[in-house]
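First residue of the sequence shown: 55, per our numbering; consecutive thereafter. Notes for the one structure printed next.
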Amino acid sequence: MSNSTASSSTSNINDSLTLRVVDAQTSAENGRKFTKYKVSVNYNGREWEIWRRYKEFNTLNEKLRHTRSDLKLPGRRLIGDSFEPDFVLKRLRGLNEYVQRISRNTQLVNLPEFIEFFGLNVTPSNESPILTAGASPSMNDNDDSAAGNPNTEDQSTPSDTNRVNLGKTEKTSVKPDDFEFRTCIGKGSFGKVYLARHKTEDTIYAVKVVSKALIKRKREERHIMAERDVLVKNTRHPFLVSLQYSFQTPDKLYFVMDFVNGGELFYHLQQERAFSEQRARFYAAEITSAIGYLHKLDIIYRDLKPENILLDREGHIRLTDFGLCKVMLSSEGREGRTATFCGTPEYLAPEVLRREPYTKAVDWWCLGSVIYEMLCARPPFYSRDVNEMYDNILNRQLRFIGNVSDRAKQLIEQLLRKSPSERLGTGPEDVAEIKCQPFFDQIDWEKLEARKIPPPWKPPVSSPTDLNQIPKEFIDAGVSPGVADQFIGSVTNKGSSFPGFTYVHDADLNN
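Dropping the structure here:
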């Protein structure tokens, strides 16, 4: 793509662009150390990676501030070693938030400085592959090209070949015009997430709008249907985000979900570095309850991490993002084994790295990693070098940082056993093995699951629609032009690429 082509095609660049900072490496040049950060770029269905130093990000930021004066990079370290793993990890996460923030700003993405920095003006022949399984595994994050506008459809008429059969609960009368789309609140794997009000119910929801064409191009039909199926089952658990509606138009799928506005646990952990043991215990107990519920449904979550743990306005946790879930089938054996290489690098279990068939025990490994991070401020085996981190996960002995109680250490050590057969929760009792550990002696599980235990901390939100914990960059993006355009009618049931997608909550079936 030439420079002229790039300039002429960037009007909707932020709808087809995904940026993530996924790795860091420290090197030396002329006797001076520096850290480079790997940026994963996904643009218009093409993927590549670039490496940039912090000072290069700083130079870019100074240029972009002429257009957006409130932009801010993660700060420099004034005292201590800037190459310590925990600081590099914190900066990596801060830069990841930064690139996602600027990529959602329509003004910034059209600037020549932005286009050049991220290589959007290079030809496809100059691209390099991104996130191969041998380097840093895919998080299943993809661009959401053509999914940015929740109500605007293409000019084609509804066709059988693009239909998704949504099952017995399909309510074909549900359509985008039933909702008042207020603003963008997030960006998912295959589309954007909007704050929306159902006009007749007067209820606020989070609506994820997904491009059918993109899902087909990425061959992710099974994943998107698995996510929908898990969301439907989540309606019976207090610590899982659940699905209220799912419906479709000729070119998009819609997930209408609970709106949770207390912010990501990842964000709050970044602000405070580590939590008190009391607070970590409360979150760990609610996470344990949620994972145990999924396991009873023969579902492996596979992507437990602070970014996928939300807080509601009261301070209770809600797990979200079920795109990597695996619903185990009876044909897959009594122990429910699978072998797909997926997840997030810092939290991958040893058996996943070894490419061995694995079970629900991978979720308990992730739980141990998250508890460790809540208490020690970083994942247990983290290294800025991904290959070294994988070696740590496979071979290094667990080491604790700071003041961690014996009971917490005992639980974490049992959850982070490298052999899954020796790991806590691997036996037939599953979650019951974890609930009875001394670390959780203070937890009344019946009261916890009835939400009768007051959370140790309450997010600073004033109402169910308060957006102060939602990144401002999402909100500033608003809703794409043309949102008032309406899709009238339904798509036929035959020839569907997404059978069983459409859903309406049981409570609404009689309406």
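Cβ atoms here follow ideal geometry from the backbone N, Cα and C, with glycine treated the same way. Computed from a prediction, not measured in an experiment: that's the story for all the values here.
Does residue i come out as helix, strand or coil in the three-state DSSP assignment?
i, result
"GLY188", "A caution first: GLY188 carries a pLDDT of 29, below 50, which makes its placement in the model too unreliable to give a value."
"SER459", "coil"
"ASN98", "coil"
"SER475", "helix"
"TYR299", "strand"
"VAL163", "helix"
"GLU572", "Nothing about residue 572 can be reported from this structure: the residues present for the chain run from 55 to 565 only."
"LEU71", "strand"
"TYR436", "coil"
"SER265", "strand"
"ILE48", "Because residue 48 is not part of the residues shown, which for the chain are 55 to 565, the question remains open."
"TRP418", "helix"
"LEU373", "strand"
"HIS349", "helix"
"SER81", "strand"
"HIS322", "helix"
"TYR91", "strand"
"GLU138", "coil"
"THR413", "coil"
"ILE156", "helix"
"HIS252", "strand"
"ILE524", "coil"
"LYS246", "strand"
"ARG271", "helix"
"TRP511", "coil"
"PHE172", "coil"
"ALA280", "helix"
"TYR355", "coil"
If you check the beta carbons only, do residue i and residue j fall under 8 Å apart?
i, j, result
"VAL261", "LEU307", "no"
"CYS379", "VAL284", "yes"
"LEU162", "ARG122", "yes"
"LYS92", "GLU83", "no"
"THR80", "ARG432", "no"
"ARG100", "LYS90", "no"
"PRO360", "GLU427", "yes"
"LEU502", "SER343", "yes"
"PRO513", "LEU365", "yes"
"GLY422", "ILE363", "no"
"ARG158", "GLU527", "yes"
"THR237", "TYR248", "yes"
"LEU469", "ARG477", "yes"
"GLU151", "LEU114", "no"
"VAL381", "ASP352", "yes"
"VAL406", "ILE341", "no"
"PHE172", "VAL95", "yes"
"LEU174", "TYR97", "yes"
"ARG493", "GLN451", "Here the sequence assigns Phe to residue 493, which means Arg is not the residue at that position. The answer is no: Cβ separation not under 8 Å."
"TYR436", "LEU143", "yes"
"ARG1", "PRO525", "The structure shown does not extend to residue 1, since the chain spans only 55 to 565, so no value can be given for it."
Using the beta-carbon count (16 or more within 10 Å), is residue i buried or exposed?
i, result
"ILE455", "exposed"
"PRO183", "Any reading at PRO183 needs caution, since the residue's pLDDT is 34, under 50, leaving its predicted position unreliable; the model's value is listed next. Counting Cβ neighbours within 10 Å, PRO183 comes out exposed, since fewer than 16 surround it."
"ARG290", "exposed"
"GLY85", "exposed"
"LEU268", "buried"
"CYS430", "buried"
"ASP232", "buried"
"GLY129", "exposed"
"LYS506", "exposed"
"SER473", "exposed"
"LYS266", "buried"
"ARG409", "exposed"
"ARG145", "buried"
Skipping 5 residues on each side, what residues in its chain have a beta carbon closer than 7 Å to that of residue i?
i, result
"VAL515", "ASN315, GLY316, ARG367, ASN522, GLN523"
"PHE137", "THR80, LYS87, THR89"
"THR519", "ILE258"
For chain B, check one thing: does any of its Cβ atoms lie closer than 8 Å to the Cβ of residue i?
i, result
"ARG438", "The structure shown contains no chain B, having only a single protein chain."
Can you list, in chain order, the residues of its chain whose CB lies under 8 Å from that of residue i, leaving out five sequence neighbours each side?
i, result
"ASP112", "Looking at the sequence shown, residue 112 is not Asp but Asn. Hits under 8 Å: LEU127."
"PRO510", "SER330, GLN332, ARG333, PHE336, GLY369"
"ARG251", "PHE233, GLU234, ARG236, THR257, ILE258, TYR259"
"ARG119", "LEU125"
"PRO139", "ARG432, TYR436, SER437, ARG438"
Identify, in the order they occur along the chain, each residue of the same chain with its Cβ nearer than 6 Å to the Cβ of residue i, setting aside the five sequence neighbours on each side.
i, result
"ALA403", "VAL416, TRP419"
"SER475", "none"
"ARG471", "ARG477"
"GLY134", "Confidence in GLY134 is poor, its pLDDT being 48 and thus under 50, which makes the residue's placement unreliable; the coordinate value appears in the next sentence. Here the set comprises nothing."
"PRO292", "ARG505"
Inset, instruction - Could you tell me whether the region 491-502 touches the region 345-363, using the rule of 3 or more Cβ pairs below 8 Å? - result: no
Inset, instruction - Would you check if there are 3 or more beta carbon pairs closer than 8 Å linking the region 263-282 to the region 323-333? - result: no
Legend entry - Validate contact between the region 334-348 and the region 477-496 using beta carbons, cut 8 Å, 3 pairs: Cβ pair count under 8 Å is three or more, so yes.
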